[in-house]
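S.K.: Numbering (the numbering used here), first residue to last: 103 to 888. Don't be surprised by glycine CBs; every beta carbon is placed ideally from N, CA and C.
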Amino acid sequence: MPRENRKRGKKHKKPQDEDNVDPKVQNERSEHLAPKREEPSWIIAVPVADEEAHAEAPFGYVDPDVKAYFRTVDEQLQNWQEEEYHADNGDEDIDPNEAKRIFFVAALTEMSTKEKQLATDPDCSVIMERMLHSMDDFVRRVFADTLSGSYEILVKHRFASHVCQTLFTIAGETISRESKGIFPEVPESSEKGELRTLTQLILDICDELKPNFTSLVMDPFASHVLRALLLFLSPSIQSSDASNFKSQSNIRSKKSSAWKARQGTMKSFFAESRTKEDSITNKMVPKEFREAAGMFVRALRDELDENEVRALAANKVASPVLQIILEIETDQGGSTVPGCLMDRVLVGIITSYHEDPSAVVEQSDYLTTLLRDPTSSHLLETLVTRSPAPAFSILWSTYFKGKLSRLALHPVANFVVAKAFERIDAGQLQDALNELEGVWSNIIKAARTGVLRALIDRTAVLQAHEGVLCEAVCAAFEVTDPQNRKYLVHCLMLLHPLQEYLSLPPPNQKDGEAENAKKMHRKMAAADPRAPKVQGALLLQSLLRLHEPHNHLVIDSIKALPMEELVSIAHNATSSRVLDAIFESSTVSFKAKRGFVMSLIGHYHTLVDDRIGSRVGDRCWAFADPYLREKIARSLIPYEQFLAASYYGKYFARNLNLYLLQRRPQDWKDMQSENKANMAQTTSETITTPGQLPDKLEEPLNTPQALVDSPKKHKKRKAQPHDEIDVVFDAALGKKTKKANVSVETKDLSVDHHAPKREEGLGEVLDAIKTAPRAENESRKKRRKD
């Protein structure tokens, strides 16, 4: 290469020629790099980065060709799971499900004996999670059995821990079937031995993790696996109300959930693998699982002292696990015993109560710190919610009473106060209302609406001090004057006091500063000051659950709204929930619900001409009785063409069946009465015990298909009483049939039992009418011949 064409850069020294190296130096170097082995001399060991490399791949690295194959498998599985797969194999005789099964079996065969390496690989671990969702019961048992003996290493691995978590999450379906005695066929093999059931495998995994459970609690990768395992062992602690126990947030963090969402849909791509019983959340769990969960509680209690247990509360990794452990301890009835884990976290409150119920407990700096710590406050919420009643009374009088005005405004402690309001009695409720009397406006300005909503919900449950609470709500939003009560819905919806709401710019009016801003700033959409807030809508829904006449505070404000504003509320996804609460709340009277439905008459065509508004219109139609339905339908007859042209209104118009109402009103009324009765019967049958799902949901009777299949539609005209004149002309001129009714079976009127019998005099007249034209024609022929 010419010298002038060489590239600029740093020169690298050439390696020395191996032939010129001294043999002694070469032998010393080889002995230093690789220890003595029994392998052939031509194999030279590569130096390993010791512990770091071993921790990254404890079971070895995956071959690049195998990894490339599983990338292809992952791509195909994603297409199937997203229902984008179209069979294009050129052979119509092959079933698509069979082609999927053949492909999946080939992938499982390639995965055999490589499960641990694939689970610890950063790319293949996600593929293993995706494949777990499509495995049947037998393959899941084989997969779990293959990892036996290595779970302690796997749960601490960065990538394999998620594979274990997915295994514990989906194992509930298989465990439920095994509890019912449903087992897959297992091929007999004397070489591999007997395959354990998944129930026994889970119990063996618990025994494997028990010796090092206390250290795994503090591990950043093993913590979420333990949470999934504990929730799997004790599904009863997962409350149906998400506000009481957020199981999903205890398993995955926000960052982990966002990462999992980017991986696409993870579900089984076999259509027959999902059955109706799999969708039921309350699965059957063996009683041995309850004992295994108690084993972990005892291990934590026996191996850690009081200070070590309290130290877990401030740890971001261990605190969520401790919350679930306390839930399990309470569920098994162990939280009332002195010296339990809850007693240790509560700094001996339970022990003090057992020793002297009337003793006054001194305030602890530890629990005071938990109130204001972002991490530990979640644990204190669990303590407030699940602690025994005597312990909660001590907590309330020691740490909450007399301090609510400050705690309710704290950015962290207000969530704990809201949880405490869910357990207070009538006397404690009165104390809380008196203490917060002068700080309601500050609570709203600081956006601590959770405290007010929890207080409203507790007031509705206790049915005490509802009037005082309504006055407190009006004082919080500065709507004390009865003449200004019509603005209450807007103030609560926007979370603005009255004066701030009145100072807002009118709708569709642009801000002057925004007009003078640059184009780049104009593109940045600012928050609409008149946009409904979710917390405000929740406050209004809670107020509608109050008993009469206290819920009229919101109902009267809704009635006072102009129709344009009411329709705009119904068209918003957030504010429309308030209108739904009018029908859902059992405390709202029938008269108030009926008055709301009638107030919309004349404006239903505008209401249902929207995606959200059509849903509100369907609720109004489902509530209305046949008389009210007729008024709604007749008010929409002038707008029939408008509804037919509306994208959303046409579906609402199908329920009305305006054509039948105009042609046969009585049939329409009978059909509506029958539909209303059947809907009430269907609703009563589908309301079963909690957690039980109906076997089959019948099609709503107000659907177009139901109208077609209505018995009134098949009513034959022949079955109706015939007029005597029609019978006479049918007999005289013969029966005429239309081509469109050829398939309809016809009967001779002479044989029809519903037709009136012909009298003898009438028969002679008809014979004369038939013979008269013949006689006249014959006389004309004779005249022509003559």
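Does the structure place the region 399 to 417 close enough to the region 233 to 242 that three or more beta carbon pairs sit under 8 angstroms?
M.R.: Taking 8 angstroms as the limit for Cβ pairs, the verdict is that the region 399 to 417 does not touch the region 233 to 242.
S.K.: Quick one: is ALA522 buried, meaning 16 or more other Cβ sit within 10 Å of its Cβ, or exposed?
M.R.: When all chains shown are included, ALA522 counts as buried.
S.K.: One question on the structure: do ALA273 and ARG242 come within less than 8 angstroms of each other, judged by their Cβ atoms?
M.R.: For ALA273 and ARG242, yes; Cβs fall inside 8 angstroms.
S.K.: Please state if the CB of ASN199 and the CB of PHE931 are separated by a distance shorter than 8 angstroms.
M.R.: Not covered by the structure: residue 931. The range shown for the chain is 103 to 888.
S.K.: Contact check, ARG488 vs ASN516 under 8 angstroms by CB: the rounded distance?
M.R.: Not really, about 20 angstroms apart at Cβ, beyond 8 angstroms.
S.K.: Nearest to MET386 by CA position, among GLN219, LYS588, THR301 and GLY529, is which residue?
M.R.: Of GLN219, LYS588, THR301 and GLY529, the residue nearest in Cα terms is THR301.
S.K.: Within this structure, are the beta carbons of VAL265 and SER227 separated by less than 8 angstroms?
M.R.: Result yes, Cβ atoms of VAL265 and SER227 sit closer than 8 angstroms.
S.K.: Have a look at PHE754 and ASP720 and give me their C-alpha separation to the nearest angstrom.
M.R.: Answer to the nearest angstrom: the Cα atoms are 7 angstroms apart.
S.K.: With distances taken Cα to Cα, identify the nearest neighbour of ILE526 among SER278, LEU318 and GLN565.
M.R.: Selected option, being the one with the closest Cα: GLN565.
S.K.: Judging by CA-CA distance, which residue of GLN365, GLU393 and ASP321 is the nearest neighbour of LEU332?
M.R.: Among GLN365, GLU393 and ASP321, the Cα nearest to that of LEU332 belongs to GLU393.
S.K.: For the alpha helix (DSSP H) containing ARG736, list its first residue and its last residue.
M.R.: Per DSSP, ARG736 belongs to the alpha helix (DSSP H) from 728 to 737.
S.K.: From LEU249 to ILE307, what does the alpha carbon distance come to, in whole angstroms?
M.R.: One C-alpha to the other measures close to 10 angstroms.
S.K.: In its own chain, which residues sit with a C-beta less than 7 angstroms from the C-beta of GLU568, not counting the 5 before and 5 after it?
M.R.: These residues qualify, in order along the chain: THR561, LEU648, HIS649 and HIS652.
S.K.: Look up HIS326 in the DSSP assignment and say whether it is helix, strand or coil.
M.R.: Reduced to three states, the DSSP call for HIS326 is helix.
S.K.: Mind listing, in chain order, the continuous alpha helix (DSSP H) runs of no fewer than 4 residues lying wholly within the region 454 to 494?
M.R.: Counting only runs of 4 or more, we get 467 to 474 and 478 to 488.
S.K.: By Cβ distance below 7 angstroms, which residues in the same chain neighbour SER345 in space, the five residues on each side in sequence not counted?
M.R.: A caution first: SER345 carries a pLDDT of 40, below 50, which makes its placement in the model unreliable, though a value can still be read off. Correct list: empty, nothing qualifies.
S.K.: Since I believe TYR171 is in contact with GLU212 (beta carbons under 8 angstroms), could you give me their beta-carbon distance rounded to a whole number of angstroms?
M.R.: Between TYR171 and GLU212 the Cβ distance is about 6 angstroms, and since that is below 8 angstroms, they are a contact.
S.K.: Going by C-alpha distance, which of TYR589, LYS418 and ASP225 is nearest PHE323?
M.R.: The candidate whose alpha carbon is nearest that of PHE323 is LYS418.
S.K.: Tell me whether ARG329 is buried or exposed, calling it buried when 16 or more other Cβ atoms sit within 10 Å of its Cβ.
M.R.: So ARG329 counts as buried.
S.K.: Tell me whether LYS202 is buried or exposed, calling it buried when 16 or more other Cβ atoms sit within 10 Å of its Cβ.
M.R.: Classification for LYS202: buried.
S.K.: Using CA atoms only, rank isn't needed, just tell me which of LEU600, VAL447 and SER466 is closest to GLU483.
M.R.: Out of LEU600, VAL447 and SER466, VAL447 has the C-alpha closest to the C-alpha of GLU483.
S.K.: Where does GLU580 land, buried or exposed, given buried means 16+ other C-beta within 10 angstroms?
M.R.: Buried, because 16 or more other Cβ atoms sit within 10 Å of the Cβ of GLU580.
S.K.: Can you list, in chain order, the residues of its chain whose CB lies under 8 angstroms from that of VAL399, leaving out five sequence neighbours each side?
M.R.: The answer, listed in chain order, is ILE427, ILE430, GLU431, GLN434, GLY436 and LEU443.
S.K.: In three-state DSSP terms, what is PHE261?
M.R.: DSSP places PHE261 in coil when its eight states are reduced to three.
S.K.: Which two residues bound the contiguous alpha helix (DSSP H) that contains GLU311?
M.R.: Residue identity differs from the one stated: residue 311 is Leu in this sequence, not Glu. From DSSP, the alpha helix (DSSP H) with LEU311 extends over 300 to 311.
S.K.: In chain order, which continuous runs of the alpha helix (DSSP H) of length 4 or greater are located wholly inside the region 489 to 533?
M.R.: You should have 491 to 497, 506 to 509 and 515 to 523.
S.K.: Which whole-angstrom value describes the C-beta separation of SER507 and GLU537, a residue pair presumed to lie in contact below a C-beta threshold of 8 angstroms?
M.R.: Yes, they are in contact, since the Cβ atoms of SER507 and GLU537 sit about 6 angstroms apart, within 8 angstroms.
S.K.: What residue range does the alpha helix (DSSP H) around HIS652 cover?
M.R.: From DSSP, HIS652 is part of no alpha helix (DSSP H); its letter is neither H nor E.
S.K.: What do you get for GLY697, buried or exposed, if any count of 16 or more other CB atoms within 10 angstroms of its CB means buried?
M.R.: GLY697 should be labelled exposed.
S.K.: For ILE204, does the count of other Cβ atoms within 10 angstroms reach 16, so buried, or fall short, so exposed?
M.R.: Classification for ILE204: exposed.
S.K.: Taking only three categories from DSSP, how would you classify LYS635?
M.R.: Correct three-state label for LYS635: coil.
S.K.: How many Å lie between MET546 and VAL519 at the Cα?
M.R.: Before going on, a small fix: residue 546 reads as Ile here, not Met. Cα to Cα, the separation comes out at about 15 angstroms.
S.K.: Only counting runs of 4 or more residues, tell me where the alpha helix (DSSP H) segments fall wholly within the region 204 to 289, in order along the chain.
M.R.: Correct list: 217 to 221, 226 to 234, 239 to 248, 253 to 257 and 262 to 281.
S.K.: In terms of alpha-carbon separation, which member of GLU573, ALA726, PHE725 and TYR761 lies closest to ILE739?
M.R.: The shortest C-alpha separation from ILE739 is found at TYR761.
S.K.: Go ahead and label ALA528 buried or exposed: buried means 16 or more other beta carbons lie within 10 angstroms of its beta carbon, across all protein chains shown.
M.R.: Looking at its Cβ environment, which holds fewer than 16 other Cβ atoms inside 10 Å, ALA528 is exposed.
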